[in-house]
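Chemist:
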DNA sequence: TAGCTTGTTCTGAAAGAGTGAACGATCGTT
DNA sequence: AACGATCGTTCACTCTTTCAGAACAAGCTA
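Protein chains in written order, with our numbering: chain Z, 17 to 269; chain F, 17 to 269.
1) Compare the C-alpha of residue 133 of chain F against each of F:256, F:124, F:267 and F:120 and name the closest.
2) Tell me the residue span of the alpha helix (DSSP H) that contains residue 166 of chain Z.
3) Is DSSP giving residue 266 of chain Z helix, strand or coil here?
4) Does any CB atom of chain Z fall closer than 7 Å to the CB of residue 87 of chain F?
5) Drop a sphere of 10 angstroms on the beta-carbon of residue 148 of chain Z, count the other beta-carbons inside from all chains shown, and report buried for 16 or more, exposed for fewer.
6) Can you list the residues of chain Z that residue 44 of chain F reaches, using a CB-CB cut of under 7 Å?
7) Quick check: what's the CA-CA separation for residue 127 of chain Z versus residue 51 of chain F?
8) Taking the C-alpha atoms as reference points, what is the distance between residue 108 of chain F and residue 124 of chain Z?
9) Identify the contact partners of residue 55 of chain Z in chain F, using a Cβ-Cβ distance below 8 Å as the criterion.
10) Check this for me: beta carbons of residue 70 of chain Z and residue 82 of chain Z, under 7 Å apart or not?
11) Go to residue 76 of chain Z, then tell me how far its alpha helix (DSSP H) extends in each direction, as first and last residue.
12) Please report how far the alpha carbon of residue 22 of chain F lies from the alpha carbon of residue 59 of chain Z, in whole angstroms.
13) Is the CB-CB distance between residue 99 of chain F and residue 130 of chain F below 7 Å?
14) Expressed to the nearest angstrom, what Euclidean distance is found between the alpha-carbon atoms of residue 49 of chain Z and residue 66 of chain Z?
15) Can you name the start and end residues of the alpha helix (DSSP H) that residue 58 of chain F belongs to?
16) What is the rounded straight-line gap between the Cα of residue 246 of chain Z and the Cα of residue 101 of chain Z?
17) What is the rounded straight-line gap between the Cα of residue 214 of chain F and the Cα of residue 238 of chain F?
18) Let me check understanding here. Comparing Cα to Cα, which of F:203, F:207, F:266 and F:135 lies closest to residue 186 of chain F?
19) Per the contact definition of three or more C-beta pairs closer than 8 Å, is the region 34 to 42 of chain Z in contact with the region 250 to 257 of chain Z?
20) Of all the residues that make up the region 128 to 146 of chain F, which are near chain Z by a beta-carbon distance shorter than 7 Å?
21) Just the C-alpha distance for residue 139 of chain F and residue 243 of chain F, rounded to the nearest angstrom, thanks.
22) In whole angstroms, give me the CA-to-CA distance for residue 64 of chain Z and residue 80 of chain Z.
23) Can the beta-carbon of residue 163 of chain F be found less than 7 Å from the beta-carbon of residue 234 of chain F?
24) For residue 187 of chain Z, report the span of its alpha helix (DSSP H) as first-last.
25) Look up residue 179 of chain F in the DSSP assignment and say whether it is helix, strand or coil.
26) Taking 7 Å as the limit between beta carbons, can you name the residues of its chain near residue 93 of chain Z, skipping five residues before and five after?
27) Can you find a CB in chain F that lies within less than 7 Å of the CB of residue 90 of chain Z?
28) Would residue 27 of chain F count as contacting chain Z if we go by Cβ distances under 7 Å?
29) Out of curiosity, what's the CA-to-CA distance linking residue 221 of chain F and residue 209 of chain F?
30) What are the residues that DSSP puts in a beta bridge with residue 207 of chain F?
31) Check whether chain Z comes within 7 Å of residue 93 of chain F, counting only Cβ atoms and requiring the distance to be less than that.
32) With 7 Å as the limit, tell me which residues of the region 161 to 191 of chain F have their beta carbon closer than that to any beta carbon of chain Z; keep them in chain order.
33) For residue 43 of chain Z, name the three-state secondary structure that DSSP assigns.
34) I want to verify the contact list: residues of chain F whose CB lies under 9 Å from the CB of residue 68 of chain Z, in sequence order.
35) Alpha carbons only, please: which of F:150, F:44, F:190 and F:184 is nearest the one belonging to residue 172 of chain F?
36) Residues of chain Z with CB closer than 9 Å to the CB of residue 224 of chain F, please, in chain order.
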């Protein structure tokens, strides 16, 4: 996507304001005006306009993200064919493993969490539906990239790099390509505390009829919650099994 | 919320554009320009700006709602304490009944679907997470209103009226108040094709410690799918049971 | 009470959103 | 194959309208 030739600055500013509110978990007019480069009267006008349509909620001089965004967000998700195909199986996997199960898709070279199901024993993380993450530092992202053409992976790395998130993140290009090759063989990926310290995940790609990935599913759990045996023997099979069911649903129905 | 004294028109226009795209299930520049009162070059500028941040997706000269809205929408939902408390139980109810289960909250006098779980046999409806509906024409809305003070109900009716959605919608004010009184006694509400022809629902309120409703759960099914016996005997108990579990989770944890 | 915040209102002035025409591309039709 | 229609995109000018800044009310803290 080329840069807009004639961007509408007001729209950018509004989106910025909304994103700041999300980041701060609710904020007041002055607080927002400090972060975005416009005066507080202007911020006030934006917020009133957004509040009118319930895109923000005002609670005691604090503004919060409004539920009107849910309509658009849920709609956007429902539009993706993979969501419908995957949801039931993701729920089931969460139920069986008791862990946190995630579904991720790619958008413009980054990963976006599309759906999340929490088992009874699920770890609490910073991930939420709609959040975007670097693809290279998660099992989900690696599983997804492994089933994309090499040139596409190169493009994505060119654009976003391989920034380190923890000491375990793979930051070397060749090492990363080797990792992807291995994932292609196993049809599952493992993340050893590569994005978050103390967390490891197993992920499997969900591919279309041409074996190109359209999404990935993962189970995430704290390093010390599951012993290695179960982590390496049991989880990969379960995750691949779920991915398989989703693929069938996605490709043949 | 008072009318904004100094609305930011550009923001209104952008939101209008986005809402049109949603309504039309994707649209082109000219198509949008026809509906919103600005030229197509202006619409084009808006869309490019939104696309830059993934708030809209461009696919072959058609623009669609982007996944960036999911981040905000899911975030807004996660902020509501009722969501966390209810989600697991709503899933369970859907699993047990095989039907469509909905969770609704009130916002500015209208109902907003907060969460939805589909059982194996769930009916396909026009409802989706984030959608807003009139409160008076659904079992969910009636259950919710029944546990609000009378003056609050009056205010809401003053603002939104009791418009007929089908031939069965209650459109008379007194009749509606009587219906609410009955719901207060039973602690569950029934919707007899009042919003959609051929659909009936059973809903129960979820109340706080002062017995004021904060949300409602419902099971929805086609009129001819379930015989009257099961509909009237089995469902109310199940739905009230689920509501009860959610209340405990909401109020005491 | 004074002194700091906060959100809100208002008007002028500078910014920029929108108009409308023109261009190039891609249709389906003649 | 050439046409006409319709699409998305670009551009420069103009007039709309956003924004800055000051002033005010309300709520704190000291």
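Think of the CB as a built atom: it goes at the ideal place given N, C-alpha and C, for glycine as much as any other residue.
Modeler: Inspection of the coordinates gives the following:
1) The residue labelled residue 133 of chain F in the question sits at position 117 within the second chain. Considering only alpha carbons, the answer is F:120.
2) The residue given as residue 166 of chain Z occupies position 150 in the first chain. DSSP places residue 166 of chain Z in the uninterrupted alpha helix (DSSP H) bounded by 166 to 176.
3) Taking the first chain and counting its residues from 1, the one referred to as residue 266 of chain Z is at position 250. Collapsing the DSSP output to three states places residue 266 of chain Z in a helix.
4) Within the second chain, numbered from 1, the residue matching residue 87 of chain F stands at position 71. It does: the Cβ of residue 87 of chain F has a partner Cβ on chain Z nearer than 7 Å.
5) Taking the first chain and counting its residues from 1, one reaches residue 148 of chain Z at position 132. Classification of residue 148 of chain Z: buried, given that the 10 Å Cβ count is 16 or more.
6) Taking the first residue of the second chain as position 1, residue 44 of chain F is located at position 28. Those do not exist, as residue 44 of chain F stays about 16 Å from chain Z at its closest Cβ, beyond 7 Å.
7) If you number the first chain from 1, residue 127 of chain Z lands on position 111. If you number the second chain from 1, residue 51 of chain F lands on position 35. Cα to Cα, the separation comes out at about 34 Å.
8) Here residue 108 of chain F refers to the residue found at position 92 of the second chain. Here residue 124 of chain Z refers to the residue found at position 108 of the first chain. Between residue 108 of chain F and residue 124 of chain Z, the alpha-carbon positions lie close to 36 Å from each other.
9) Along the first chain, read from residue 1 onward, the residue named residue 55 of chain Z stands at position 39. The premise fails here: residue 55 of chain Z is roughly 13 Å from chain F at the closest Cβ pair, so nothing lies under 8 Å.
10) To locate residue 70 of chain Z, count along the first chain from 1; it is residue 54. To locate residue 82 of chain Z, count along the first chain from 1; it is residue 66. Taking C-beta atoms as the reference points, residue 70 of chain Z and residue 82 of chain Z count as a pair closer than 7 Å.
11) In the first chain, counting from the first residue as 1, residue 76 of chain Z sits at position 60. For residue 76 of chain Z, no alpha helix (DSSP H) encloses it, and the DSSP letter there is neither H nor E.
12) Here the question's residue 22 of chain F lines up with position 6 in the second chain. Here the question's residue 59 of chain Z lines up with position 43 in the first chain. Whole-angstrom Cα-Cα distance: 11 Å.
13) In the second chain, the residue the question calls residue 99 of chain F occupies position 83. In the second chain, the residue the question calls residue 130 of chain F occupies position 114. Result yes, Cβ atoms of residue 99 of chain F and residue 130 of chain F sit closer than 7 Å.
14) Residue mapping note: residue 49 of chain Z aligns to position 33 of the first chain, counting from 1. Residue mapping note: residue 66 of chain Z aligns to position 50 of the first chain, counting from 1. Cα-Cα distance, rounded: 16 Å.
15) Along the second chain, one-based indexing puts residue 58 of chain F at 42. Judged by DSSP secondary structure, residue 58 of chain F falls within the alpha helix (DSSP H) whose first and last residues are 56 to 68.
16) In the first chain, counting from the first residue as 1, residue 246 of chain Z sits at position 230. In the first chain, counting from the first residue as 1, residue 101 of chain Z sits at position 85. When rounded, the distance between both Cα atoms is 27 Å.
17) Taking the second chain and counting its residues from 1, the one referred to as residue 214 of chain F is at position 198. Taking the second chain and counting its residues from 1, the one referred to as residue 238 of chain F is at position 222. Cα to Cα, the separation comes out at about 6 Å.
18) Residue 186 of chain F sits at position 170 when you count from the first residue of the second chain. Out of F:203, F:207, F:266 and F:135, F:207 has the C-alpha closest to the C-alpha of residue 186 of chain F.
19) Counting Cβ pairs under 8 Å, fewer than three are found: no touch.
20) Listed by position along the chain: 128, 144, 145 and 146.
21) Numbered from its first residue, the second chain carries residue 139 of chain F at position 123. Numbered from its first residue, the second chain carries residue 243 of chain F at position 227. Straight through space, the alpha carbons of residue 243 of chain F and residue 139 of chain F are spaced by roughly 16 Å.
22) Here residue 64 of chain Z refers to the residue found at position 48 of the first chain. Here residue 80 of chain Z refers to the residue found at position 64 of the first chain. Each residue's CA atom was taken as its position, placing residue 64 of chain Z and residue 80 of chain Z some 12 Å apart.
23) Along the second chain, one-based indexing puts residue 163 of chain F at 147. Along the second chain, one-based indexing puts residue 234 of chain F at 218. Not in contact: residue 163 of chain F and residue 234 of chain F (Cβ atoms no closer than 7 Å).
24) The residue labelled residue 187 of chain Z in the question sits at position 171 within the first chain. Annotation: residue 187 of chain Z is outside any alpha helix (DSSP H) and is labelled neither H nor E by DSSP.
25) In the second chain, the residue the question calls residue 179 of chain F occupies position 163. Coil at residue 179 of chain F, not helix or strand.
26) Within the first chain, the letter at position 77 stands for residue 93 of chain Z. Excluding residues within five positions, the ones whose Cβ falls inside 7 Å are 99 and 130.
27) What you label residue 90 of chain Z is simply residue 74 of the first chain in a count that begins at 1. So, interface residue.
28) To locate residue 27 of chain F, count along the second chain from 1; it is residue 11. By this cut-off, residue 27 of chain F is an interface position.
29) Residue 221 of chain F sits at position 205 when you count from the first residue of the second chain. Residue 209 of chain F sits at position 193 when you count from the first residue of the second chain. Going from the Cα of residue 221 of chain F to the Cα of residue 209 of chain F covers about 19 Å.
30) Within the second chain, numbered from 1, the residue matching residue 207 of chain F stands at position 191. Residue 207 of chain F is bridged to F:217.
31) Position 77 of the second chain holds residue 93 of chain F. Residue 93 of chain F counts as touching chain Z.
32) Along the region 161 to 191 of chain F, there is no position whose C-beta sits under 7 Å from a C-beta of chain Z.
33) If you number the first chain from 1, residue 43 of chain Z lands on position 27. Note: residue 43 of chain Z maps to strand in three-state DSSP.
34) Against the first chain, residue 68 of chain Z aligns to sequence position 52. Within 9 Å Cβ-Cβ: 17, 19, 20, 23 and 28.
35) The residue given as residue 172 of chain F occupies position 156 in the second chain. Nearest neighbour of residue 172 of chain F by Cα position, chosen from F:150, F:44, F:190 and F:184, turns out to be F:150.
36) Position 208 of the second chain, counted from the start, is the residue given in the question as residue 224 of chain F. Per Cβ cutoff of 9 Å: no residues; residue 224 of chain F is ~17 Å from chain Z at best.
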